[in-house]
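Chemist: To start, I am sharing the structure in question, which I have written as structure tokens.
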Amino acid sequence: MVSDTNKTSDEKLIEEVFNGNIMSFSILIDRYSSFVFQIVIKITGNREFAEEITQDVFLKVYKNLHKFQFKSKFSTWLYRVAYTTAISANRKVPKLFLVEDFEKHYSNEIYEEETEVEWLDKGQLNMAFKKALSDLDEADNLIITLYYLNEQSIDDICTILNLRNSAVKTRLHRARTRLKKLLI
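Each step along the sequence shown adds one to the number in my numbering, with nothing skipped, and position 138 is 138.
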């Protein structure tokens with residue numbers, strides 16, 4: 001049985017799942033459900049659909065947990081599963097969801113600290129950023145989201161997107177440039 005769920009490492013919880021402790025998987029779900037949901041909603045743009053896909057992600061993770069090889073962080077592997085599941089599900093559904101639907105359900109506050117920009121309040125800045133981010137193509141939006149909003153490292157993004165380091169850096173640079181043009 002897990003004694004302190006906040007301090008138990010992901011690796012320890014996974015080992016406990018392998019040993020038959022289902023409660024350890026519940027702890028992983030509690031720990032990462034918000035993380036997975038944010039990934040999925042950014043791809044799908046629809047809250048209800050994202051909730052369904054989030055459940056699918058955790059079912060896939062449970063069924064394929066034996067494939068996790070501890071070579072990277074569990075969160076990186078989970079991100080990859082969430083990303084591929086959401087992209088796959090999104091391709092199967094007609095594009096009926098509008099940007100407004102995404103913004104209506106978008107719950108992640110981008111700027112939590114005070115900014116030095118005095119002529120824009122946080123709400124205006126947040127809305128401008130969301131608008132610019134939604135105007136980017138899917139690939140640019142994803143790489144900006146991974147790096148800045150989800151604080152993934154370049155190496156983690158390489159693993160998630162199955163790209164070389166140089167390709168990730170190039171895509172990130174180009175996405176930043178496009179985002180900057182949209183914001184100016």
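C-beta atoms are modelled at their ideal positions from N, C-alpha and C, and glycine is treated no differently.
Quick one: grab the DSSP three-state call for T177.
Modeler: Within the sequence shown, residue 177 is the residue found at index 177, counting from 1. Helix at T177.
Chemist: Assign E118 to one of two classes, buried (16 or more other C-beta atoms within 10 Å of its C-beta) or exposed (fewer than that).
Modeler: The residue given as residue 118 occupies position 118 in the sequence shown. At E118 the pLDDT is 45, less than 50, meaning the model places this residue with poor confidence and gives no usable figure here.
Chemist: Less than 7 Å separating the Cβ of I14 from some heavy atom of the ligand ATP?
Modeler: Here there are no bound small molecules, and the ligand ATP is not part of this structure.
Chemist: With distances taken between CB atoms, is the gap from L133 to I144 smaller than 8 Å?
Modeler: As a position in the sequence shown, residue 133 is number 133, starting the count at 1. As a position in the sequence shown, residue 144 is number 144, starting the count at 1. Yes, Cβ-Cβ distance for L133 and I144 is below 8 Å.
Chemist: On the premise that I14 lies in contact with L65, defined as a C-beta separation below 8 Å, what is that separation, rounded to the nearest angstrom?
Modeler: Numbered from 1 along the sequence shown, position 65 holds the residue referred to as residue 65. Numbered from 1 along the sequence shown, position 14 holds the residue referred to as residue 14. Rounded, the Cβ-Cβ distance is 6 Å, consistent with contact.
Chemist: Does F18 pass the burial test, meaning 16 or more other C-beta atoms within 10 Å, or should it be called exposed?
Modeler: Stepping through the sequence shown from its first residue, residue 18 is reached at position 18. Exposed: under 16 other Cβ atoms inside 10 Å.
Chemist: Measure the alpha-carbon distance for E112 versus V36 and round it to whole angstroms.
Modeler: Here residue 112 refers to the residue found at position 112 of the sequence shown. Here residue 36 refers to the residue found at position 36 of the sequence shown. Confidence is the limiting factor: at E112 the pLDDT is only 42, short of 50, which leaves the residue's position unreliable, though a coordinate-based value still follows. About 21 Å.
Chemist: Could you pull out every residue in the same chain whose Cβ sits closer than 7 Å to the Cβ of F25, ignoring the five residues on either side in sequence?
Modeler: As a position in the sequence shown, residue 25 is number 25, starting the count at 1. Excluding sequence neighbours, F25 sits near V17, Y62.
Chemist: For Q152, is the classification buried or exposed, using 16 other Cβ atoms within 10 angstroms of its Cβ as the cut-off for buried?
Modeler: Numbered from 1 along the sequence shown, position 152 holds the residue referred to as residue 152. Label assigned to Q152: buried.
Chemist: Is it true that the CB of V57 sits closer than 8 Å to the CB of T85?
Modeler: Counted from its first residue, the sequence shown places residue 85 at position 85. Counted from its first residue, the sequence shown places residue 57 at position 57. A contact, by the Cβ cut-off of 8 Å.
Chemist: Looking at the structure shown, is E11 part of a helix, part of a strand, or coil, going by DSSP?
Modeler: To locate residue 11, count along the sequence shown from 1; it is residue 11. Three-state result, E11: helix.
Chemist: Can you list, in chain order, the residues of its chain with a C-beta nearer than 7 Å to that of A50? Leave out the 5 residues immediately preceding and following it.
Modeler: In the sequence shown, residue 50 corresponds to position 50, counting from 1. F37, V40, I41, T44.
Chemist: Between the Cα of I87 and those of L183, N21, E138, spot the shortest distance and give me the residue it belongs to.
Modeler: In the sequence shown, counting from the first residue as 1, residue 87 sits at position 87. I87 has its Cα closest to that of E138, out of L183, N21, E138.
Chemist: Using the Cα positions of E116 and N21, report the straight-line distance between them to the nearest angstrom.
Modeler: Here residue 116 is taken as the residue at index 116 of the sequence shown, counted from 1. Here residue 21 is taken as the residue at index 21 of the sequence shown, counted from 1. Residue confidence for E116 is low, a pLDDT of 45 falling below 50, so the modelled location carries little weight; the figure read from the coordinates is stated next. Roughly 49 Å between the two C-alpha positions.
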